[in-house]
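Residue 66 is where the sequence shown starts when you use my numbering, and the numbers rise one by one after that.
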Amino acid sequence: MQEEIQVVRVRAAFYRRERRSVRLAREFARSALAGWGVRRRADDVVLCVGELATNALLHGVPPGRGYRLWLALGAEDGLLRVEVHDSGDGEPRSSEPGDVVDEESGRGLLLVSALADKWGVEGRVPGKAVWCEWWGTGAASPDSPPSDSPSSVVTR
């Protein structure tokens, strides 16, 4: 049986543990989505990138370390996956809608679960990867040439 291989476009960036990294991660995601021709749900994706990056910064990245943002787009099925890798312990969990009414924080993963089609956490050594996915994001057709290289990595 022959299996088809799908073209996947990947962009990744590494960010140090500093406040400006969340803004940089959102800008990086928006640029990658624009380069891939993804318009549908792009604002949802960028908001979720900001929430996952904030969680990594506040809860998952020990001093002196950083986190990695990874975006992948299936050129044929339009599946968009975002991952934020950090080296911290613990497993994030979403709050219930009524649990954070009077709190200043605690809504990030609640927003991610509302905006993404699916999200989860995968263990890795060290730390974890928190991910979310969107199906059928309206990516450019697989026959059209990508506006950037299929894979690129940026360190900031």
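Yeah, the Cβ is synthetic: ideal placement off N, Cα and C, and Gly gets one too.
query	result
So, does the region 138-154 touch the region 71-85, judging by three or more C-beta pairs under 8 Å?	yes
Measure the C-alpha to C-alpha separation of residue 122 and residue 86 and round it to an integer number of angstroms.	8 Å
Quick one: what's residue 138 bridged to in DSSP?	74 and 145
Here's the rule: buried if 16 or more other CB atoms are within 10 angstroms of the residue's CB, otherwise exposed. What is residue 200?	exposed
Residue 126 to residue 118, Cα distance in whole Å?	10 Å
Candidates 176, 173, 105 and 124: which alpha carbon is nearest residue 151's?	124
Round the Cβ separation of residue 113 and residue 75 to the nearest angstrom and send it over; I've been treating them as touching at under 8 Å.	18 Å between Cβ atoms; not a contact.
Could you check if residue 193 is buried or exposed, using at least 16 other CB atoms within 10 Å of its CB as the buried criterion?	buried
Closer than 8 Å by C-beta to residue 111: which residues in its own chain qualify, once you throw out the five before and the five after it? Chain order, please.	91, 94, 95 and 98
Residue 82 and residue 131 - do their beta-carbons sit closer together than 8 Å?	yes
Would you check if the distance between the CB atom of residue 77 and the CB atom of residue 133 is smaller than 8 Å?	yes
Let me confirm a value: residue 218 is counted as buried when at least 16 other C-beta atoms fall within 10 Å, else exposed. Which label applies?	The predicted position of residue 218 is uncertain, since its pLDDT is 48 and thus under 50; a value taken from the coordinates is nonetheless stated next. Burial call: exposed.
I'd like to check one pair, residue 103 with residue 145: are the Cβ atoms closer than 8 Å?	yes
In chain order, what residues of the same chain have a beta carbon less than 7 Å from the beta carbon of residue 207, not counting five sequence neighbours either side?	With a pLDDT of 43 at residue 207, under the threshold of 50, the modelled position of this residue cannot be trusted; read the value that follows with caution. The residues are 72, 140 and 141.
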